[in-house]
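K.L.:
When we follow the numbering used here, the leftmost residue of the sequence shown carries the number -5, and every step to the right adds one.
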Amino acid sequence: MPDDVAALTWDALGLAKAAIEGAGEITGRIKQDRKAVRDALANVKDFQGITGKMTFTEDGDPIKCAVIVKISDKGEYEFYKSICPE
């Protein structure tokens, strides 16, 4: 069964895909292409991933809900609640 790390990895790949698609035409000039992809990633707004919707600040920090888990009586992780920024 996929876990939280798998979900975050899926979202990271989705963000990378969105950035590459948003970068426009890839020229083959590595320095220019890297900047275009980085700039496109910085401009991602309201990306809907498996772990929720996220946007990035000017400093590159994600704004998204935090998921809180608890340990059950069986010693397993369980979803407790999600806290989202306002």
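Backbone N, C-alpha and C define an ideal beta-carbon position, used for all residues, glycine too.
Run through the DSSP bridge pairs and tell me what T49 is partnered with.
P.N.:
Answer is I57.
K.L.:
Rounding to the nearest angstrom, what Cα-Cα distance links I65 and Y71 in this structure?
P.N.:
Each residue's alpha carbon lies about 5 Å from the other.
K.L.:
So who's on the other strand from S66, going by DSSP bridges?
P.N.:
S66 is not bridged to any residue.
K.L.:
Measuring CA to CA, which of V61, T21, D55 and K11 is closest to N(-2)?
P.N.:
The amino acid at residue -2 is misidentified as Asn; the sequence shows Asp. That would be V61, whose Cα lies nearest to the Cα of D(-2).
K.L.:
What is the DSSP secondary structure of K75, reduced to helix, strand or coil?
P.N.:
Strand, per DSSP.
K.L.:
What's the call for D53, buried or exposed, on a 16-neighbour Cβ count within 10 Å?
P.N.:
Label assigned to D53: exposed.
K.L.:
From what residue to what residue does the alpha helix (DSSP H) around G18 run?
P.N.:
From DSSP, G18 is part of no alpha helix (DSSP H); its letter is neither H nor E.
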